[in-house]
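Straight run, no breaks: the sequence shown in numbering that gives the first Met the number 0 ends on number 232.
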Amino acid sequence: MLSRPSIHISVLIFGLVLTTNFVGASQNPIGIYGDEIVFDVIRNGKTVGEHKVTFVPTEEGLSVDSRLRIDIRFLGLTVYKYRYVSRSIWGGGRLLYLNAAVDDDGKRHNVAVEHFKGRLHITGPAGLKFASPNTLPTNHWNVSVLRSDHVINTITGKVNRVRIERVGEATVTTNAGPRYATHYRYTGDLDVDVWYDQMGRWVKLRFGVKDGSIVEYMCKRCGKPKRQPNGPK
0 MLSRPSIHIS VLIFGLVLTT NFVGASQNPI GIYGDEIVFD VIRNGKTVGE
50 HKVTFVPTEE GLSVDSRLRI DIRFLGLTVY KYRYVSRSIW GGGRLLYLNA
100 AVDDDGKRHN VAVEHFKGRL HITGPAGLKF ASPNTLPTNH WNVSVLRSDH
150 VINTITGKVN RVRIERVGEA TVTTNAGPRY ATHYRYTGDL DVDVWYDQMG
200 RWVKLRFGVK DGSIVEYMCK RCGKPKRQPN GPK
């Protein structure tokens, strides 16, 4: 069991390390994640899908592809399915372009974001919206989002106002073993819990859905773990 001073010191060191990795995660995610991130999607304790994020350098900038698949089954039949596919282009840590396609059990729509004349133009089900060029989307791999008070919702096309607060430190379960991470909570237009490890890598996500279920992301592949600091025991 760690003494209280030891816990305070480890938390301070962790916070300093995470802060120094804001830039690295946003401008060079391949350096901390590798070429992809993969999560199991778990609903009420049962695996129902997968979310994969792939990073590819291109002449335009860094291309980030995100694919989410959810299938809810009952008595062997698929009673609900959800698909999300997006591609974004990044340069200098900024979003330059994004196109997302959503299929919510047969209800389909698209969201597009483009950098034009010094601001981001967002089109989707909510109509045309605008945001500053530094606004980040709700894709979570970019730890710099923790500094934000508004984000682009790539499912609805809205600009959501949020407050992101640190909850505390925890050990997160992954298929590569436990990962020491910091827990953050979104409130405001979004209610989401997210965890980042000491390298600024996204390692867990949790949110509630309309039917009262809890959905969690469990890391299958989110970068090799670094030697852990003295975390909670």
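Just so you know, even glycine gets a beta-carbon here, dropped at the ideal spot from N, CA and C. All figures in this text were calculated on a predicted structure; none of them were measured in a lab.
Within 10 Å of its beta-carbon, does residue i have 16 or more other beta-carbons around it, so buried, or fewer, so exposed?
i           : result
residue 125 : exposed
residue 38  : buried
residue 212 : exposed
residue 55  : exposed
residue 48  : buried
residue 146 : exposed
residue 28  : buried
residue 116 : exposed
residue 20  : At residue 20, the pLDDT of 47 sits below 50, so the modelled position is not reliable; the number obtained from the coordinates is stated separately. So residue 20 ends up on the buried side.
residue 209 : exposed
residue 141 : buried
residue 157 : buried
residue 153 : buried
Look up residue i in the DSSP assignment and say whether it is helix, strand or coil.
i           : result
residue 142 : helix
residue 56  : strand
residue 222 : coil
residue 215 : strand
residue 20  : Legend: pLDDT at residue 20 = 47, less than 50; position of this residue unreliable, value from coordinates given subsequently. Three-state result, residue 20: coil.
residue 207 : strand
Would you list the one or two residues that DSSP bridges to residue i?
i           : result
residue 151 : 136 and 158
residue 103 : 81 and 106
residue 185 : 163 and 191
residue 64  : 53 and 86
residue 122 : 111 and 127
residue 69  : 48 and 81
residue 98  : 86 and 111
residue 179 : 170
Going by the CB atoms, is the gap between residue j and residue i shorter than 9 Å?
i           : j           : result
residue 114 : residue 95  : yes
residue 86  : residue 67  : no
residue 207 : residue 196 : no
residue 127 : residue 150 : no
residue 138 : residue 63  : yes
residue 181 : residue 110 : no
residue 35  : residue 220 : yes
residue 179 : residue 168 : yes
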